[in-house]
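Novice:
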Amino acid sequence: MTKWFRLSPPLLLLLPLGACAHFEPRPLAADPMSAPALQAPIADLLSRDAAHIDRPYLKPVALDLSAPLDPNGIAILAVIANPELKAQRARAGVRDAQVFAAGLLPDPSFSFGVDHILSGPDPLDNIAGALGFSLNALRTQRVQRAQAVAEARQVRLDLAWAEWQTACNARLQAVRVLALEQALANAATSADASEALLGRYLKAAGRGDIAPDQVQSSRIAALDAQSNFRSAQTTLATARSELHRLLGLPPTYALRLAPASLPAPVPDADRLLALALADRDDLAALRAGYDAQEAAVRRAILDQFPTLDLTISGARDTGGNKLIGPSIGFTLPLWNRNRGGIAVAEATREALRQEYDARLFQTRADIAAAASGLAIARQQYALLRAGMPALATFALASRRAAQRGDLALATAEVAEQSLRDRQLLLLQSEQAIAEQTIALELLVGAPQEAWTL
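Taking my numbering, the leading residue of the sequence shown gets 1193, the next gets one more, and so forth.
Here you go:
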């Protein structure tokens, strides 16, 4: 029993080690797309997450990737499947861990020593031990935790802003893909018509019915039409690849998009600015960062006071005397007094204030410019649309006259090409309105459905 009692204090000191965390290796996957979580069909995984998504600007739905995706579905896919957002969400967990760490008190320190007598009249070994506590953490724990909480809130708001940006960029890219698909069909029709006209001109030139310069003009027009078609193909392939990247889908995944209607008119710039001040997560993140720096300034001011360390020591000397007593250690604030730390913290706070003011100024300017550009785009669209019926009527009449033999077929082809050119301009105008509306949603920080006129 006596032997066990002598061995027990060291064993008791080792008992807390049993509650320590253990290291487990987690190597990187050679191919992330082959991870076990992705072995199930992609559609099932995404549909499950989409049904439980919780974002103020998204509507949870049972997502069906085999059906055409509307703008809400595109935004949901971007938020839940974009690889960069997944990485940012993982980094946000680091801040949560730091908030947890900020609430923990430092462990006390313990020292123990034995001095064995090699010679001398005293019969006992000298034994000394000390238990120490740092009191500084008690003084700064509250402000340190407040700083960590504000920093974590800033990271979460930055993540929310990144998700909103990615969702808007994905919707923007989907608009471009839809417009480019229609532009490609327009270019294919023009290329086929130019080739057919060139073939007729070549036959007519072989019979000597037309001059060579007309054949050359038709050949140049056909080459231009083919060049436009190939360029449209390349641009569409690039846009589709970018959309797949934003949505976190494999490049070969078959994705269908639902056509979107023309966006409704928007409120004035002042109303949009008021919405932005209330809804933009990046502005809220800057405010949270400023709150964190306010806490950092308070902590720096607290650090100018003396640091305190409390130690309780006990000893038995070689004469058998048993001693115990506390000791206090502290710094003397004579020269430093953390003046450098306070200066840095206050300068950083002022820099954050100026950064916030600059972001507000930029937001106001961006919203005003976007609203003005959108108004111009709508005026241009109205003018193009007003001229469409007359061109369509003329092209149809020209084709009928050419079929009756009252008009040259080339003239009908020119009229139809003029109609296709106007249709392409109208398509590009619709695309510009849709893109600028999404860009305005991004600047405001909320979807158009949340705006009130």
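Glycine included, every Cβ here is placed at the ideal spot set by N, Cα and C.
Considering only the beta carbon of each residue, do ALA1362 and ALA1270 sit closer than 9 Å?
Specialist: Your numbering for residue 1362 matches position 170 in the sequence shown. Your numbering for residue 1270 matches position 78 in the sequence shown. Yes; because the gap between Cβ atoms is below 9 Å, this pair is in contact.
Novice: Indicate the three-state DSSP secondary structure (helix, strand or coil) for PRO1228 in the structure shown.
Specialist: Here residue 1228 corresponds to residue number 36 of the sequence shown, with the count starting at 1. Residue confidence for PRO1228 is low, a pLDDT of 45 falling below 50, so the modelled location carries little weight; the figure read from the coordinates is stated next. In the three-state reduction of the DSSP assignment, PRO1228 falls in the helix class, which pools H, G and I.
Novice: Would you list the one or two residues that DSSP bridges to LEU1261?
Specialist: To locate residue 1261, count along the sequence shown from 1; it is residue 69. Its beta-bridge partners are LEU1449.
Novice: Tell me whether the beta-carbon of ILE1559 lies closer than 9 Å to the beta-carbon of LEU1475.
Specialist: Along the sequence shown, one-based indexing puts residue 1559 at 367. Along the sequence shown, one-based indexing puts residue 1475 at 283. LEU1475 is positioned such that its CB atom lies no closer than 9 Å to that of ILE1559.
Novice: Does SER1301 come out as helix, strand or coil in the three-state DSSP assignment?
Specialist: Reading the sequence shown from its first residue, position 109 is the one you call residue 1301. In the structure shown, SER1301 sits in a strand (DSSP, three-state: E or B).
Novice: Determine, using beta carbons only, whether ALA1537 and VAL1489 come nearer to each other than 9 Å.
Specialist: Counting from 1 along the sequence shown, the entry for residue 1537 is found at position 345. Counting from 1 along the sequence shown, the entry for residue 1489 is found at position 297. It is a contact, given that the beta carbons lie within the stated cut-off.
Novice: Are the CB atoms of ILE1272 and ASP1241 nearer to each other than 9 Å?
Specialist: The count along the sequence shown starts at 1 and reaches residue 1272 at position 80. The count along the sequence shown starts at 1 and reaches residue 1241 at position 49. Going by C-beta atoms, ILE1272 is nearer than 9 Å to ASP1241.
Novice: Using the beta-carbon count (16 or more within 10 Å), is GLU1622 buried or exposed?
Specialist: Sequence index remark: in the sequence shown, residue 1622 carries index 430 (1-based). It counts as buried.
Novice: Which residue wins for smallest C-alpha separation from ILE1625, given the options ALA1574, GLN1609, ASP1460?
Specialist: Residue mapping note: residue 1625 aligns to position 433 of the sequence shown, counting from 1. Closest by alpha carbon: ALA1574.
Novice: Contact criterion: CB-CB distance below 9 Å. Does ARG1490 meet it with respect to chain C?
Specialist: Absent from the structure: chain C. Only one protein chain is present.
Novice: Comparing C-alpha positions only, which one of ASP1405, ARG1411, THR1381, PRO1404 sits nearest to GLY1391?
Specialist: The sequence position of residue 1391 within the sequence shown is 199, counting from 1. Among ASP1405, ARG1411, THR1381, PRO1404, the Cα nearest to that of GLY1391 is on ARG1411.
Novice: For the segment 1450 to 1458 against the segment 1504 to 1514, are there 3 or more C-beta pairs whose distance is under 8 Å?
Specialist: no
Novice: Tell me the DSSP secondary structure of ASP1460 in three-state form.
Specialist: Taking the sequence shown and counting its residues from 1, the one referred to as residue 1460 is at position 268. Of the three classes helix, strand and coil, the one that applies to ASP1460 here is coil, per DSSP.
Novice: Based on the DSSP output, what are the partners of ARG1508 in its beta bridges?
Specialist: In the sequence shown, residue 1508 corresponds to position 316, counting from 1. ARG1508 pairs with ILE1319, LYS1514.
Novice: By a C-beta neighbour count over all protein chains shown, 10 Å radius and 16 as the cutoff for buried, is LYS1251 buried or exposed?
Specialist: Position 59 of the sequence shown, counting from 1, holds the residue named residue 1251. Exposed, because fewer than 16 other Cβ atoms sit within 10 Å of the Cβ of LYS1251.
Novice: Of the residues LEU1576, ALA1431, LYS1278, ILE1520, which one's Cα is nearest the Cα of LEU1618?
Specialist: In the sequence shown, counting from the first residue as 1, residue 1618 sits at position 426. Answer by Cα proximity: LEU1576.
Novice: In the DSSP assignment, the alpha helix (DSSP H) including LYS1278 goes from what residue to what residue?
Specialist: On the sequence shown, position 86 is the one that residue 1278 refers to. Per DSSP, LYS1278 belongs to the alpha helix (DSSP H) from 1275 to 1294.
Novice: Looking at the structure shown, is GLY1521 part of a helix, part of a strand, or coil, going by DSSP?
Specialist: Position 329 of the sequence shown, counted from the first residue, corresponds to residue 1521. Strand at GLY1521.
Novice: Tell me PHE1497's beta-bridge partners as DSSP assigns them.
Specialist: As a position in the sequence shown, residue 1497 is number 305, starting the count at 1. For PHE1497, which the question treats as bridged, DSSP gives no partner whatsoever.
Novice: Please state whether DSSP places THR1358 in a helix, a strand or coil.
Specialist: Translated into the one-based positions of the sequence shown, residue 1358 becomes position 166. It is helical.
Novice: So, is VAL1341 buried or exposed, given that buried needs 16 or more other C-beta atoms within 10 angstroms?
Specialist: By one-based count along the sequence shown, residue 1341 stands at place 149. Buried, because 16 or more other Cβ atoms sit within 10 Å of the Cβ of VAL1341.
Novice: Is the beta carbon of LEU1611 sitting closer than 9 Å to the one on ALA1593?
Specialist: Along the sequence shown, one-based indexing puts residue 1611 at 419. Along the sequence shown, one-based indexing puts residue 1593 at 401. No, the Cβ-Cβ distance between LEU1611 and ALA1593 is not below 9 Å.
Novice: Tell me the DSSP bridge mates of VAL1306?
Specialist: Along the sequence shown, one-based indexing puts residue 1306 at 114. Note: VAL1306 sits in a beta bridge opposite ILE1319.
Novice: Is LEU1502 helix, strand or coil by DSSP?
Specialist: The sequence position of residue 1502 within the sequence shown is 310, counting from 1. Here LEU1502 sits in strand by DSSP.
Novice: Just curious, the alpha helix (DSSP H) that ARG1612 is in, first and last residue?
Specialist: The residue labelled residue 1612 in the question sits at position 420 within the sequence shown. That run of the alpha helix (DSSP H) goes 1601 to 1636.
Novice: According to DSSP, is GLY1398 part of a helix, a strand, or is it coil?
Specialist: The residue labelled residue 1398 in the question sits at position 206 within the sequence shown. Annotated three-state conformation of GLY1398 is helix, per DSSP.
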